[in-house]
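The block underneath contains the structure these notes are about, expressed in structure tokens.
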Amino acid sequence: MASVPREIVVTGLGCVSPLGTSAAATWSAIVAGQCGITRLPDEYDARLAVRIAGQVTGELDPGPLEHKELRRMDRGILLALAAAREALADAQLLGAIGSAVDRDRIGVAIGTGIGGIHTLVQNDRAYVEHGPRRVSPFFIPMTLANMPAGVVAIQHGLRGPNLCHVTACASGAHAIGESLRLLRSGEADAMLVGGTEAAIVDLVIAGFSNMQALSRRNDEPARASRPFDADRDGFVLGEGAALLVLERADHARARGARVRAKLLGYGASSDAAEMVAPDPASGGARRCMQAALASAGLAPSDVDYVNAHATSTPAGDLAEAQAIREVFGAHTDRLAVSSTKGATGHLLGAAGALEALLSVRALETGMLPPTLNLDRPDPSFTLDHVANKARSTRARVVLSNSFGFGGVNAALVFGSADS
Amino acid sequence: MADAALAKRVEAIIVEQLGVTPEEVVPEASFIDDLGADSLDIVELVMAMEEEFDIEIPDEHADRLQTIGSAVEYLKERLEA
């Protein structure tokens, strides 16, 4: 007889995104139908074919750092620090009601797709222009992909498992899902989990642009990211960090924490087919959604809303729409679907985490965030799109997809606090 | 270069690199003992001085850069040479 898995709950949320520097600001902007994508500032190379991105603007609060420490933080670390402070404060994990927590049993898992590339580019330039002696002694630690998780743990004294999942655009979702395993197995009491990405640099823009992955709608930034729309022409690069506090339900209950939602299930799979393109024939997307539902002990018909990965690329959105129909069958017609990337752009390794956060907010508020710029839904597939305007629907179960280069797939299933 | 101008430029580097106040930048202050620098801070400090004064400071000279005073003295010698 299968044992009943431990119940895992979400007790804290924090993010910095192109829509705002807090979870509250991001959520209110997204349900209001705002878009965080703008023209790149002038310091970016004028020769770039793509001139738009979803940048984090506004003041960040990375916490008490000395001046020289601050200089040694890659932007991806600063974004993660700001999101971590908000998430931990939201969960009150380390404050008054958390005074009895055992920090040896609180871990951190912060994924990233690319790592500290701002720092890498700066130091490569210093090397090329001035030679090896001009490379910073902090270049290596600043650039390492796991340093956001490391620095967050240092700032808050979180001494449990410290992990960094690097699976391209599924990094954030894998960090959350793999942490679900750690919590279910009892290896940690709580995990601060999610993703961070700060990769809006000339080199990265050029790379994605030359793959023909990016939208070139430079003259209409707010209309460039249009998942599922017939006129979509690629994704828009975004940056940000999103973190969730996951906790064993008994641990949360014992300290009187507010439960925002439950993390019910997680599934992972690989296409094992193409480096970059989705491969519908391999069924990777379908299999990860099915695995997540099995992990949650739910049937497809239990799901009310899918927060899609859909990045606004022609091939990716189509493949996901087809996979959704394969998994949900006739229930697809009653299944609300949206991709929040229309508003945020694609945060790569932080995307799955931000979308998990928005999924939790959807469960809490009874509002489903919309797909922006969905003016003319692609006629080659049919979904119940939440187009352009947030929809008031009391969802009880939400599934969030994340897919990445390398053929990686992850799906998370969240349930409302009373589910 | 006038000594005062040199000292001013060194002070600015130290304030920026070590995150200390200008008041702490006195000639007898030791980078490690008084200003809280570690070995990698010293590496960065030397790099910043190399850049500011467009010179190369060989590793074997780094032990002459113990205090602010000795650093200013060293830079004066190098720049006059």
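Chains as they are written, first to last, in the numbering used here: chain A, 3 to 421; chain B, 16 to 96. The beta-carbon is built from N, C-alpha and C at its ideal position, and this holds for glycine as well.
Just to confirm, is the Cβ distance from residue i to residue j under 9 Å?
{"i": "Q214 (chain A)", "j": "G188 (chain A)", "result": "no"}
{"i": "A389 (chain A)", "j": "T367 (chain A)", "result": "no"}
{"i": "F140 (chain A)", "j": "R77 (chain A)", "result": "no"}
{"i": "I47 (chain B)", "j": "I83 (chain B)", "result": "no"}
{"i": "D304 (chain A)", "j": "R398 (chain A)", "result": "yes"}
{"i": "A358 (chain A)", "j": "G174 (chain A)", "result": "yes"}
{"i": "A352 (chain A)", "j": "G113 (chain A)", "result": "yes"}
{"i": "A312 (chain A)", "j": "S341 (chain A)", "result": "yes"}
{"i": "V401 (chain A)", "j": "V308 (chain A)", "result": "A quick correction: the sequence has Leu, not Val, at residue 401 (chain A). Contact: yes."}
{"i": "F230 (chain A)", "j": "L349 (chain A)", "result": "no"}
{"i": "V52 (chain A)", "j": "D273 (chain A)", "result": "no"}
{"i": "S314 (chain A)", "j": "S227 (chain A)", "result": "yes"}
{"i": "G354 (chain A)", "j": "I178 (chain A)", "result": "yes"}
{"i": "G16 (chain A)", "j": "A200 (chain A)", "result": "no"}
State buried or exposed for residue i, treating a residue as buried only when at least 16 other CB atoms are found within 10 Å of its CB.
{"i": "L185 (chain A)", "result": "buried"}
{"i": "H167 (chain A)", "result": "buried"}
{"i": "E131 (chain A)", "result": "exposed"}
{"i": "M149 (chain A)", "result": "buried"}
{"i": "V278 (chain A)", "result": "exposed"}
{"i": "P20 (chain A)", "result": "buried"}
{"i": "L94 (chain B)", "result": "exposed"}
{"i": "I70 (chain B)", "result": "exposed"}
{"i": "M3 (chain A)", "result": "Unreliable positioning characterises M3 (chain A) in this predicted model, as indicated by a pLDDT of 43, which lies under 50. The coordinate reading is nonetheless provided below. Looking at its Cβ environment, which holds fewer than 16 other Cβ atoms inside 10 Å, M3 (chain A) is exposed."}
{"i": "T334 (chain A)", "result": "buried"}
{"i": "P66 (chain A)", "result": "exposed"}
{"i": "K391 (chain A)", "result": "exposed"}
{"i": "T59 (chain A)", "result": "exposed"}
Output the distance between the C-alpha atoms of residue i and residue j, rounded to the nearest integer angstrom.
{"i": "A86 (chain B)", "j": "K70 (chain A)", "result": "20 Å"}
{"i": "R260 (chain A)", "j": "D191 (chain A)", "result": "16 Å"}
{"i": "A34 (chain A)", "j": "S361 (chain A)", "result": "16 Å"}
{"i": "S404 (chain A)", "j": "G196 (chain A)", "result": "12 Å"}
{"i": "G430 (chain A)", "j": "A31 (chain A)", "result": "No information on residue 430 (chain A) is available, as it lies outside the stretch 3 to 421 that chain A covers here."}
{"i": "A86 (chain A)", "j": "I54 (chain A)", "result": "27 Å"}
{"i": "A224 (chain A)", "j": "K23 (chain B)", "result": "48 Å"}
{"i": "Q32 (chain B)", "j": "C37 (chain A)", "result": "39 Å"}
{"i": "I72 (chain B)", "j": "R79 (chain B)", "result": "10 Å"}
{"i": "D96 (chain B)", "j": "I119 (chain A)", "result": "What sits at residue 96 (chain B) in the sequence shown is Ala, not Asp. The straight-line gap from Cα to Cα measures roughly 40 Å."}
{"i": "M144 (chain A)", "j": "T121 (chain A)", "result": "7 Å"}
{"i": "G406 (chain A)", "j": "A102 (chain A)", "result": "39 Å"}
{"i": "P317 (chain A)", "j": "L337 (chain A)", "result": "Residue 317 (chain A) is actually Ala in this sequence, not Pro. Cα to Cα, the separation comes out at about 22 Å."}
{"i": "F383 (chain A)", "j": "G331 (chain A)", "result": "13 Å"}
{"i": "A419 (chain A)", "j": "R250 (chain A)", "result": "13 Å"}
{"i": "I39 (chain A)", "j": "K343 (chain A)", "result": "10 Å"}
{"i": "S54 (chain B)", "j": "R289 (chain A)", "result": "52 Å"}
{"i": "E38 (chain B)", "j": "D49 (chain B)", "result": "12 Å"}
{"i": "V35 (chain B)", "j": "A27 (chain B)", "result": "10 Å"}
{"i": "G56 (chain A)", "j": "L370 (chain A)", "result": "21 Å"}
{"i": "G408 (chain A)", "j": "Q324 (chain A)", "result": "20 Å"}
Check for me: the alpha helix (DSSP H) holding residue i runs from which residue to which?
{"i": "G236 (chain A)", "result": "Careful: G236 (chain A) lies outside any alpha helix (DSSP H) and carries neither H nor E."}
{"i": "L33 (chain B)", "result": "18-33"}
{"i": "T82 (chain B)", "result": "From DSSP, T82 (chain B) is part of no alpha helix (DSSP H); its letter is neither H nor E."}
{"i": "I10 (chain A)", "result": "Where I10 (chain A) is concerned, there is no enclosing alpha helix (DSSP H), although the beta strand (DSSP E) it sits in stretches over 10-18."}
{"i": "L185 (chain A)", "result": "173-186"}
{"i": "G56 (chain A)", "result": "Premise fails: G56 (chain A) is in no alpha helix (DSSP H) and is neither H nor E."}
{"i": "F68 (chain B)", "result": "54-68"}
{"i": "L205 (chain A)", "result": "204-212"}
{"i": "V415 (chain A)", "result": "V415 (chain A) -> not in any alpha helix (DSSP H); beta strand (DSSP E) instead, spanning 410-418."}
{"i": "V399 (chain A)", "result": "First-last for V399 (chain A): 399-406, but that is the beta strand (DSSP E), not the alpha helix (DSSP H)."}
{"i": "K343 (chain A)", "result": "343-346"}
{"i": "T198 (chain A)", "result": "No alpha helix (DSSP H) contains T198 (chain A), which is instead part of the beta strand (DSSP E) from 192-199."}
{"i": "E357 (chain A)", "result": "353-367"}
{"i": "L374 (chain A)", "result": "It is not in any alpha helix (DSSP H) - L374 (chain A) carries neither H nor E in the DSSP assignment."}
By the DSSP assignment, the beta strand (DSSP E) with residue i in it spans what residues?
{"i": "R250 (chain A)", "result": "242-250"}
{"i": "A71 (chain A)", "result": "The amino acid at residue 71 (chain A) is misidentified as Ala; the sequence shows Glu. Looking at the DSSP string, E71 (chain A) is not in any beta strand (DSSP E); the run it does join, the alpha helix (DSSP H), is 69-73."}
{"i": "G318 (chain A)", "result": "No beta strand (DSSP E) contains G318 (chain A), which is instead part of the alpha helix (DSSP H) from 316-330."}
{"i": "A263 (chain A)", "result": "263-272"}
{"i": "V339 (chain A)", "result": "338-340"}
{"i": "V308 (chain A)", "result": "307-309"}
Next item on the list: For the stretch 90-150 of chain A, list the alpha helix (DSSP H) runs that are entirely contained and at least 4 residues long, ordered along the chain.
Entry: 119-132, 141-145, all fully within the stretch 90-150 of chain A.
Check: Using Cβ-Cβ distances below 7 Å, what residues of the stretch 59-73 of chain A are close to chain D?
Finding: The chain labelled as chain D is not found among the protein chains of the depicted structure, namely A and B.
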